[in-house]
Amino acid sequence: MSGLSTAAQEAIDAIEAGPQGPEVGAFFDLDGTLVAGYTAATFYGDRLKGRDVSPAEFLRTVVTAVDGELGGDPTRIAHVAFSAMRGQSEEAFADLGERLFRSKIAGTIRRESRALVMAHQRAGHTVAVASAATKYQIAPVARDLGVEHLVCTQLVVEDGQFTGATDGPMLWGRHKASGVRAFAREHGIDLAESYAYGNGYEDVAFLSSVGHPTALNPHRDLRAAAARLGWPVLDLSDPVGGSLVAAGRTAAALAGMNAGVGLGLAYGLARGDLREGRNAAIRLATQLPMTLAGVSLEVLNQERLWTHRPAIFVANHQSALDIPVLGRLLERDFTIVAKKEARWDPRAVVGSFVIDPAWIDRSDSESARATLDGVVDRIRSGTSLMIFPEGTRSATPVLGPFRKGAFHLAAQAGVPVVPIVLRNTGELMRRSSLVLNPGVVDVCVLEPETDWSVDDMSERIAALRTKFEETLARWPA
Numbered sequence: 001m002s003g004l005s006t007a008a009q010e011a012i013d014a015i016e017a018g019p020q021g022p023e024v025g026a027f028f029d030l031d032g033t034l035v036a037g038y039t040a041a042t043f044y045g046d047r048l049k050g051r052d053v054s055p056a057e058f059l060r061t062v063v064t065a066v067d068g069e070l071g072g073d074p075t076r077i078a079h080v081a082f083s084a085m086r087g088q089s090e091e092a093f094a095d096l097g098e099r100l101f102r103s104k105i106a107g108t109i110r111r112e113s114r115a116l117v118m119a120h121q122r123a124g125h126t127v128a129v130a131s132a133a134t135k136y137q138i139a140p141v142a143r144d145l146g147v148e149h150l151v152c153t154q155l156v157v158e159d160g161q162f163t164g165a166t167d168g169p170m171l172w173g174r175h176k177a178s179g180v181r182a183f184a185r186e187h188g189i190d191l192a193e194s195y196a197y198g199n200g201y202e203d204v205a206f207l208s209s210v211g212h213p214t215a216l217n218p219h220r221d222l223r224a225a226a227a228r229l230g231w232p233v234l235d236l237s238d239p240v241g242g243s244l245v246a247a248g249r250t251a252a253a254l255a256g257m258n259a260g261v262g263l264g265l266a267y268g269l270a271r272g273d274l275r276e277g278r279n280a281a282i283r284l285a286t287q288l289p290m291t292l293a294g295v296s297l298e299v300l301n302q303e304r305l306w307t308h309r310p311a312i313f314v315a316n317h318q319s320a321l322d323i324p325v326l327g328r329l330l331e332r333d334f335t336i337v338a339k340k341e342a343r344w345d346p347r348a349v350v351g352s353f354v355i356d357p358a359w360i361d362r363s364d365s366e367s368a369r370a371t372l373d374g375v376v377d378r379i380r381s382g383t384s385l386m387i388f389p390e391g392t393r394s395a396t397p398v399l400g401p402f403r404k405g406a407f408h409l410a411a412q413a414g415v416p417v418v419p420i421v422l423r424n425t426g427e428l429m430r431r432s433s434l435v436l437n438p439g440v441v442d443v444c445v446l447e448p449e450t451d452w453s454v455d456d457m458s459e460r461i462a463a464l465r466t467k468f469e470e471t472l473a474r475w476p477a
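Be aware that the sequence shown starts at 1, since it is given in UniProt numbering, and climbs by one per residue.
And the structure:
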């Protein structure tokens, strides 16, 4: 994974040059370390929004928080929250954790923290998230990062409901250190050769448990402690937020997109050639807004976009930015398959005039098949198809499963599949965001794949998905 800061790359190089194997542990704190911000605040904010917090609980929370800031027990505020959970369904709370991960928390995972986790995984280390948080906050993040082990605060559940109590101490401060040592004994881990990453002063005992501690984006007190103890400090960048300037540029980009469509279609009318007008509109409606938004492309193997036409272009999907990026790359003579419900979406109407999508009614299989038959005819007539085999946008850079539809179309039409890997569109425009931030989108066009057949389709799709994963993990020079 290139594009990392010098400090992050040096840390990864040290991991790769260090001891390898499962007897080496790598322990990551959650809040402020793997993710920017605090997951508990996200959960509490959701409860406030849903008016699930009583005035009495809110008052207790405020008083306890202030007391913690003034030198009282900082864990009391968590116990206030645990007590409020008494009688709640564990299953419903776990579902809430999954929903909040997709809508909010996934976008806060630091890209360079993900790269550190992957470096430890490549080294064969036993990777764990060690946190005072509960598994309902941690598990979705850990799963997304491919981390199996959790060392965390446990809540008591009886008959599927929370009792409001913890099973053992909250893993904060020295208790987190004790939890890590117990985990190490159970899994045969050599702590003297192991790594730990934390951001708060309460993590001093936890970080002291291992031979390779790192203060990652540390608070002031931990930064001072790291200087005294000779620990490395690693400052990583946070996910990009939407500034007022970026919002203004996004509005200008949308205006530029509409203007580009109008100019292109007007050109086609003047020439008496609707096809050329649409192609001009595609070029203008992607180049103008991206220039206005301050977004540029860095494309590897760009020539592969033109060696096989018509073709089915498949790409991973993280952001609403993906479609204009791909439009900028493909430039002309392509369409997409889209669900019927999006036909009158205000964001899609303008583009529909240009690329003439094939609208699929997923509730009517016979109608959907007829629409896809028409797509095959269009491909054979020279129109390429752009499609996302994951089917929907991923909340993070982790790939979802690839569906077979695009590859069946390739087999039916007798055209190649051209894979396009998009690395960081989700960083410039988050999954649920309406603001596009300036930056450079990294694109890698893989080798076109020809001669698709149903006989070995599943194996070839799996192999292609692996190529996407490998390219995202180790971006080509």
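For every residue, glycine included, the Cβ atom is placed at its ideal position computed from N, Cα and C. Source: prediction; values computed, not measured.
Could you pull out every unbroken beta strand (DSSP E) segment of at least 3 residues lying fully inside the segment 209 to 284, listed in chain order?
212 to 216
Please classify Trp306 as buried or exposed, where buried requires at least 16 neighbouring CB atoms within 10 angstroms.
exposed
Which residue spans inside the segment 397 to 467 form an unbroken alpha helix (DSSP H) run of at least 4?
405 to 413 and 425 to 428
Below 8 Å CB to CB, which residues in the same chain sit around Ala205 once its five sequence neighbours on both sides are set aside?
Gly173, Arg174, Lys176 and Ala177
Rounded to the nearest angstrom, what separates residue 488 and Ala410 at their Cα positions?
Absent from the structure is residue 488, since the part of the chain shown begins at 1 and ends at 477.
Could you spell out the range, first to last residue, of the beta strand (DSSP E) harbouring Leu385?
Ser384 to Ile387
Measure the CB-CB distance between Ala226 and Val127 and report whether it falls below 8 Å.
No, Cβ-Cβ distance for Ala226 and Val127 is not below 8 Å.
Can you list, in chain order, the residues of its chain with a C-beta nearer than 7 Å to that of Ala115? Leave out the 5 residues immediately preceding and following it.
Met1, Leu4, Ala8 and Ile12
Would you call the CB atoms of His219 and Tyr195 closer than 8 Å?
no
With H, G and I counted as helix, E and B as strand and the rest as coil, what does DSSP make of Ser54?
coil
Going along the chain, which residues of its own chain have a beta-carbon closer than 8 Å to the beta-carbon of Phe93, five neighbours each way excluded?
Met85, Tyr136 and Phe162
Could you give the first and the last residue of the continuous alpha helix (DSSP H) run that contains Leu321?
Going by DSSP, Leu321 is part of no alpha helix (DSSP H) at all; its letter is neither H nor E.
Taking 8 Å as the threshold (C-beta atoms), are Ala133 and Thr153 in contact?
Result yes, Cβ atoms of Thr153 and Ala133 sit closer than 8 Å.
Classify Gly21 as buried or exposed, calling it buried when 16 or more other Cβ atoms lie within 10 Å of its own Cβ.
exposed
Taking the beta strand (DSSP E) that Gly200 falls in, what are its first and last residues?
Here Gly200 belongs to no beta strand (DSSP E), and DSSP marks it neither H nor E.
If Leu216 and Leu234 are in contact, beta carbons under 8 Å, what's the gap, nearest whole angstrom?
5 Å
From which residue to which residue does the alpha helix (DSSP H) around Thr371 run?
Per DSSP, Thr371 is one residue of the alpha helix (DSSP H) stretching across Ser365 to Arg380.
For Gly37 and Asp31, I'd like the C-alpha separation in whole angstroms.
6 Å
Just tell me which of Val156, Ala142 and Gly87 has its CA closest to the CA of Ile105.
Residue Ala142 is the option with its Cα nearest to Ile105.
Helix, strand or coil for Val151, going by three-state DSSP, please let me know.
strand
Could you give the DSSP three-state label for Glu158: helix, strand or coil?
strand
Between which two residues does the alpha helix (DSSP H) harbouring Glu298 extend?
Where Glu298 is concerned, there is no enclosing alpha helix (DSSP H), although the beta strand (DSSP E) it sits in stretches over Val295 to Leu300.
Select from Ser237, Cys444 and Gly382 the residue whose C-alpha is nearest the C-alpha of Gly414.
Gly382
Once you ignore the five residues that flank Glu138 on each side, which residues in its own chain have a CB closer than 7 Å to its CB?
First, the amino acid is wrong: residue 138 is Ile here, not Glu. So the qualifying residues of the chain are Leu30, Val129, Ser131, Leu150 and Cys152.
Is the Cβ-Cβ distance between Val398 and Ile420 less than 8 Å?
no
CB-CB under 6 Å to Asp221, same chain, minus the five flanking residues each way: which ones, in chain order?
Tyr201
Buried or exposed for Pro401, please, with buried defined as at least 16 other CB atoms from any protein chain shown within 10 angstroms of its CB.
exposed
Under DSSP, the beta strand (DSSP E) around Ala8 begins and ends at which residues?
Segment Thr6 to Ala17 is the alpha helix (DSSP H) holding Ala8; no beta strand (DSSP E) there.
Could you round the C-beta distance between Met290 and Phe334 to whole angstroms and report it? I think they count as a contact, below 8 Å.
The Cβ separation is near 17 Å, so there is no contact.
Measuring straight from C-alpha to C-alpha, what distance separates Ala81 and Leu292?
46 Å
So, using beta-carbon positions, are Val337 and Ala358 closer together than 8 Å?
yes
Expressed to the nearest angstrom, what Euclidean distance is found between the alpha-carbon atoms of His187 and Asn424?
36 Å
Whose C-beta lies closer than 8 Å to the C-beta of Ser453 among residues of the same chain, with five residues either side of it excluded?
Within the same chain, Ser453 has close Cβ partners Ala411.
State buried or exposed for Asp416, treating a residue as buried only when at least 16 other CB atoms are found within 10 Å of its CB.
Reading the sequence as shown, one finds Pro at residue 416 and not Asp. Counting Cβ neighbours within 10 Å, Pro416 comes out buried, since at least 16 surround it.
Tell me which residues share the same chain as Ser83 and place their Cβ nearer than 7 Å to its Cβ, disregarding the 5 neighbours each side in the sequence.
Gly164
With DSSP run on the structure shown, which of helix, strand or coil describes Gly164?
strand
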